[in-house]
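Remarks on the structure that follows.
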Amino acid sequence: MGPAEVTPELMAAVAHKRVWAQDPEGSMARAKELCSAEDRVILIAYVEGKPVGMAEVQDYGQSVWRGFSVARLHNIQVDAACRRQGIGRKLFDAVVAWAAGRPHPGHLEWQASPAAIEFYRSLGLEPDYESDLKEYPFYDIDLRLR
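Take 1 as the starting number for the sequence shown in the UniProt record's numbering and just add one per residue.
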């Protein structure tokens with residue numbers, strides 16, 4: 001599992017199907033641009049050489065008044081046929097490791113879809129419903145405590 005060369009086949013396999021179908025050229029261009037950025041990574045999970053999952057995380061860097069940075073998990077997804085095999089957990093662990101390995105690590109934050117709440121609970125994380133979108137709970141890991 002790790003960063004991968006962005007190809008149409010890879011994007012079609014792991015990208016959100018609706019977005020990819022509506023704008024394949026734009027999706028490819030964005031993915032290539034994002035993969036070349038030093039402040040983010042798109043991680044790809046493979047099973048028997050086939051891409052079956054992906055995660056995207058970005059480091060927003062340090063703030064003016066704090067000495068640490070905040071990383072944002074933008075998305076994590078695993079092909080429905082490959083779920084409940086530990087792939088999502090491995091992707092999530094890789095996201096946390098990437099964020100913790102950045103200069104000045106501080107927090108890893110994200111909001112999750114209602115369908116992902118049980119996945120995050122299986123990782124020992126509890127949702128915070130006091131966020132701007134009540135149905136999409138907020139999560140925060142203080143990387144300084146790890």
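Using N, Cα and C, we set each Cβ at its ideal position, and we do this for glycine too. None of these values were measured; they are calculated from a predicted model.
7 Å Cβ shell around residue i - same chain, five flanking residues per side excluded
i: Arg146; result: Ala100
i: Phe119; result: Gly88
Helix, strand or coil at residue i [DSSP, three-state]
i: Pro137; result: coil
i: Pro127; result: coil
i: Ser113; result: coil
i: Asp93; result: helix
Same chain, Cβ closer than 8 Å to residue i, neighbours up to 5 away in sequence not counted
i: Glu39; result: The amino acid occupying residue 39 in the given sequence is Asp; Glu does not appear at that position. Correct list, in chain order: Gln58, Asp59, Tyr60, Gly61.
i: Asp128; result: Pro137, Phe138, Tyr139, Asp140
i: Asp142; result: Gly106, His107
i: Glu135; result: Pro114
Cβ-Cβ separation, residue j to residue i (assumed contact under 8 Å), whole Å
i: Cys82; j: Val47; result: 6 Å
i: Val78; j: Gly88; result: 5 Å
i: Val95; j: Leu73; result: 6 Å
i: Ala55; j: Ile76; result: 4 Å
N- and C-terminal bounds of the beta strand (DSSP E) containing residue i
i: Ile46; result: The displayed chain sequence assigns Tyr, not Ile, to residue 46. Run containing Tyr46: 40-47, per the beta strand (DSSP E) assignment.
Those residues which DSSP pairs with residue i across a bridge
i: His104; result: In the DSSP output, where bridge partners are listed per residue, His104 has none listed.
i: Glu56; result: Ile42, Asn75
i: Pro51; result: Tyr46
i: Ser69; result: Gln62, Pro105
i: Asp142; result: His107
N- and C-terminal bounds of the alpha helix (DSSP H) containing residue i
i: Ser63; result: Per DSSP, Ser63 belongs to no alpha helix (DSSP H) and is neither H nor E.
Proximity test, residue i beta-carbon vs the ligand GTP heavy atom, cut-off 7 Å
i: Gln111; result: Summarising the ligand content, the structure contains no ligands, and the ligand GTP is consequently not present.
Own chain, CB closer than 6 Å to residue i, minus 5 neighbours either side, in chain order
i: Ala45; result: Met1, Val52, Gly53, Ile87, Leu91
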